[in-house]
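To convert, take the position in the sequence shown, counting from 1, and add 1028; that gives this note's numbering.
Ideal Cβ placement from N, Cα and C applies to all residues, glycine included.
Every value quoted in this text rests on a predicted model; they were computed, and no experiment measured them.
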Amino acid sequence: MRSAIIFALMFFFILSWNYQPYMDVINGARLEYLQAVAETAISEAKIKGYFSATDLSNIQQAVATHLGYPVSEVQVQGTTLPTTRGNPIDIQISIPTHINLFSMAPASNHATLTAYESADSEAINPS
């Protein structure tokens, strides 16, 4: 009986150790997708000089749908006030990373990507 318990514990440890590199590849692919989404979104938003609430909501919905997460678990933040040419605009997209069975270093439960760009618009802040 003792051998069976030791075998079961060792089996899980070896299994998680073997599959961790594949899980890291999956997380890396998700971050590459986030980078593509962020760069596309910010290149479109720099023309207007800001992200509208609808833009951020659409990005959140698209990321959640593509990666298979509930919309509530995907967080999207960006510059929502109009800025003039040369001022920075940014977007931050965060997704959960639930697929860590084993890790040597502690990691957060979210992968976050932030992109910055200078606005190209001549928008005037409506104050």
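Below 8 angstroms on the Cβ atoms is my contact criterion, and I expect Ala1073 with Ile1117 to pass it. Report the Cβ-Cβ distance as a whole number of Å. 6 angstroms
For Glu1101, the nearest candidate out of Phe1041, Leu1109 and Ala1090 (CA to CA): Ala1090
Exposed or buried, Ile1054, counting other C-beta atoms within 10 Å across all chains shown (16 or more means buried)? exposed
DSSP three-state call for Val1104: helix, strand or coil? strand
Residues of its chain near Arg1058, where Cβ-Cβ distance is below 7 angstroms and the 5 sequence neighbours each way are ignored: Leu1095, Ile1123 and Ala1139
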